[in-house]
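Going by my numbering, the first residue of the sequence shown is number 5, and it counts up by one from there.
Structure first, then comments.
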Amino acid sequence: MDGVLVIDKPPELTSHDVVARVRHILHQRRIGHTGTLDPFATGVLVVLIGKGTRLAQFLSGDDKEYDAIIRLGYATDTGDRTGKQIDGPKNEKLGNWHEDEIEKALETLRGWIDQVPPMYSAKKREGKKLYELARRGEEVDREPVRVCIHEFTAIRSDGQLLKDNLDGTFDLRARVLCSSGTYVRTLAEDFGKRLSVGAHLAELRRTRVGDFRVDQAVTLDDLKTSFAEGALGGLVVPLNAALSKLPFVHLSGQDVRNVSHGREVKVEGSRWTDGENVKMCDTDEQLIAIGQYDATAQVLHPRVVLT
5 MDGVLVIDKP
15 PELTSHDVVA
25 RVRHILHQRR
35 IGHTGTLDPF
45 ATGVLVVLIG
55 KGTRLAQFLS
65 GDDKEYDAII
75 RLGYATDTGD
85 RTGKQIDGPK
95 NEKLGNWHED
105 EIEKALETLR
115 GWIDQVPPMY
125 SAKKREGKKL
135 YELARRGEEV
145 DREPVRVCIH
155 EFTAIRSDGQ
165 LLKDNLDGTF
175 DLRARVLCSS
185 GTYVRTLAED
195 FGKRLSVGAH
205 LAELRRTRVG
215 DFRVDQAVTL
225 DDLKTSFAEG
235 ALGGLVVPLN
245 AALSKLPFVH
255 LSGQDVRNVS
265 HGREVKVEGS
275 RWTDGENVKM
285 CDTDEQLIAI
295 GQYDATAQVL
305 HPRVVLT
């Protein structure tokens, strides 16, 4: 069984927990994923099966889309609802901002921005994960990371931008479309800073990773049922289809044999750019390898061979 599964991750499970459960359900050891979701978050987790685990490098950099609820009123030490409340700025205008003030705050966080990774993250510092240091009460300097926020827009609920929780906090629902590596928790905190108030993520649902959407996603319970009924065919995305954005070339029988042994293939007259990744398929549309194009020699060098 080789391909991609789009799992709708439930809350309270880590991404590693989901991978472990998929292994158990499918009775298959070679399972991986392309991008971690925080335990409290839900939504699209792209899970790789069998030979699909070798394609993670070509899928992990895809843009991601989220539906987020940002809670204004106080910050937490983790940047989300699972953390402890921490002191932050108090704003007398809490809940009374004009819509143009909210829009201006959103606008300043669109485009290319520098983000400082949160301490409660899997980023490593001198071989140790930041969250391990944070749990010991340590805080270290972190280098900013350049990310792109393609969209950061407020979503109205019942005609209102802000929901009054009647406990001194207000919720703003937002849609975020961003580059890989973006921390939406940090985005929520920075949004609060623009309004001079503490903020954190109350909810986060990932609705898309690249071409994989949440309406294609399957729950772990449904996956278990489908496997028991022998009906996985409609759930597993074939390897070729999973890399739909990459250009492709059809190989002759001899070329398939050459590529299977790691040999380069001549491809004269192609329009690919130097260093571009190209799918190498047989005449039955089966993915044989991912090759890297050498424009000078006009050849494809197999990078990952799947046969």
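Every residue gets a Cβ at the ideal spot worked out from N, C-alpha and C, and that includes glycine.
Q | Contact under 8 angstroms by Cβ, R114 with I153 | A | yes
Q) Got a sec, what are the start and stop residues for the alpha helix (DSSP H) F44 sits in? A) No alpha helix (DSSP H) contains F44, which DSSP labels as neither H nor E.
Q.
Pop quiz: H37 and V50 are said to be a contact at Cβ under 8 angstroms. What is the actual Cβ separation, rounded to whole angstroms?
A. 6 angstroms
Q. Is there contact here, the segment 263 to 280 with the segment 246 to 254, by at least three beta-carbon pairs under 8 angstroms?
A. yes
Q) Which term fits D84, buried or exposed, when burial requires 16 or more other beta carbons within 10 angstroms of its beta carbon? A) buried
Q: List the whole-angstrom C-beta distance separating G202 from G7, where the pair is believed to meet the contact cut-off of C-beta under 8 angstroms.
A: At roughly 44 angstroms, the Cβ-Cβ gap does not stay under 8 angstroms, so G202 and G7 are not in contact.
Q) Taking just the CA atoms, how far does Q302 sit from G273? A) 8 angstroms
Q.
Within 8 angstroms, do at least three Cβ pairs link the segment 69 to 76 to the segment 165 to 182?
A. yes
Q: Compute the Euclidean distance between the alpha carbons of L315 and T173, then round it to the nearest angstrom.
A: The first residue shown for the chain is 5 and the last is 311, placing residue 315 beyond what the model contains.
Q.
For I294, count the other beta carbons within 10 Å of its own beta carbon; 16 or more makes it buried, fewer makes it exposed. Which is it?
A. It is buried - the Cβ of I294 has at least 16 other Cβ atoms within 10 Å.
Q | Counterpart residues of G36 in DSSP-defined beta bridges | A | L52
Q) If you draw a straight line from the alpha carbon of S256 to that of V120, how long is it in whole angstroms? A) 49 angstroms
Q) What is the DSSP secondary structure of H102, reduced to helix, strand or coil? A) coil
Q: Going by DSSP, name the residue or residues bridged to I294.
A: K283 and V308
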